[in-house]
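The working numbering applies: residue 73 is where the sequence shown begins, and numbers increase by one. Some notes on the structure that comes next.
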Amino acid sequence: IWNFLGGDKALEYFTGYLLEESLSVDNLFVFLLLFEYFKVPQSQQKKVLSYGIWGAIVMRAGFISAGLVAIQQFRGVLLVFAGLLMYSSFKMLTDATGKEEEGDEADISENSIVKFASKLVQSTPEYDGDRFFTLVDGVKKATPLFLVLLCVEFSDVMFAVDSIPAVFGVTEDPLIVLTSNIFAIMSLRALYQVLAQLAKDLKYLETAVGAVLGFVGLKLVGEYFGFELPEQASLSVVIGLLGTGVGASIYEKRQKFKLLDLDNDGFLTKVPPSLPCCTNVLTNLLLQEELEKSGLDVEEVK
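Below is the structure:
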């Protein structure tokens, strides 16, 4: 894009790509919860992700085309998109604060998407390899794998409500909007495990993403009234907000990690009598998270 369309278009593409990737972290975390809830075998998760991502590409292409037509016909749609983004920003910021105070694990069984998909499709109780459908007494029925795929697709539709208006806040160039979204989505399969883990580990990433959505919403309002923000400035703000969220998360985790007494090899030098004595760094981190979930102070337990 830099080579054929120039630096400005390349910046628009990179900003759109970065926005889509950051918004997809929560989406992938939902995928992970779905896989855990439905007990999807590891060998079948890649198939669900592949079908889900290709389905998402088709749906996003349709949404983007409709959005471009709507903007061309009626510029006031930008204000609608801005309202959606600012509402999502407010919701993400308040939800992030609520999670921090409550410290509860997400209960996917109460998710509206799971409830709707379960009512829509009556699946067999057991998986049948990597099949989406199987024969039961001569009748073709959906397997739980198909139910998981439906949940993945429905959740992507819900997340598209944020991501599509967000990329329109960066550019209205059809090529940039479409390619930045499609290539970001295609990278999700390869980065699934990494990004899903980031959603767990980076405590303040959701807050940062919420702030980014608020910024893009304000940018759309400005564009509607004729105020254009340079792409370099937009990219700097997006990277700055996301970088702050990631940096704050890493800093806090390191500060908590310092509470544990480790030797040079990463082993605990002081262990409570009720805990195993040969504990490596990975187990230390898991132990620390379990202590925090139970409301116990690591230093006190030590």
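From the three backbone atoms N, C-alpha and C, an ideal C-beta is built for every residue, glycine too. Here the structure is a predicted model, which is why all the values come from computation and not from measurement.
Asked	Found
Test item: CB-CB of Q116 and D209 under 8 Å	no
Residues near T215 by beta carbon distance below 7 Å, same chain, minus five either side	S195, T196, Y199, D200, R203, F204, F205, T206
Span separating the alpha-carbon of G139 from that of I248	14 Å
For S115, the three-state DSSP class (helix, strand or coil)	helix
Coarse secondary structure for L77, derived from DSSP in three states	helix
Nearest candidate by alpha-carbon position, reference S259, set K291, G124, V239, L290	G124
N28 classed as buried or exposed, judged by whether at least 16 other C-beta atoms fall within 10 angstroms	Here the chain comprises residues numbered 73 to 374, so residue 28 is not present and cannot be evaluated.
T279, enclosing alpha helix (DSSP H) - first and last residue	277–296
Candidates L100, Y85, Q145, of which the one nearest F226 by Cα	L100
Burial state of R16 (16 or more Cβ within 10 Å)	Any question about residue 16 goes unanswered here, given that the chain covers just 73 to 374.
Residue range of the alpha helix (DSSP H) that includes F205	It is not in any alpha helix (DSSP H) - F205 instead sits in the beta strand (DSSP E) that spans 205–208.
Buried or exposed by the 16-neighbour rule on C-beta atoms within 10 Å, applied to V287	Here the sequence assigns Phe to residue 287, which means Val is not the residue at that position. Classification for F287: buried.
L263 and S321 closer than 8 Å at C-beta	no
Distance between beta carbons of L307 and L83, contact taken as under 8 Å	6 Å
Rounded Cβ spacing between L151 and V293 (contact assumed at less than 8 Å)	7 Å
DSSP-derived helix/strand/coil call for W126	helix
C-alpha distance - K119 paired with F135, whole-angstrom precision	24 Å
Beta-carbon gap between V23 and L91 smaller than 8 Å	Given a span of 73 to 374 for the chain in the structure shown, any question on residue 23 remains unanswerable.
Host beta strand (DSSP E) of V211 (start-end)	211–214
C-alpha gap between G319 and Y276, whole angstroms	9 Å
Y323 classed as buried or exposed, judged by whether at least 16 other C-beta atoms fall within 10 angstroms	exposed
Test item: CB-CB of M164 and E93 under 8 Å	no
Simplified DSSP assignment, three categories, for E174	Confidence is the limiting factor: at E174 the pLDDT is only 47, short of 50, which leaves the residue's position unreliable, though a coordinate-based value still follows. In the structure shown, E174 sits in a helix (DSSP, three-state: H, G or I).
Proximity to G241 [Cα-Cα], best of L217, K213, M158, Y109	M158
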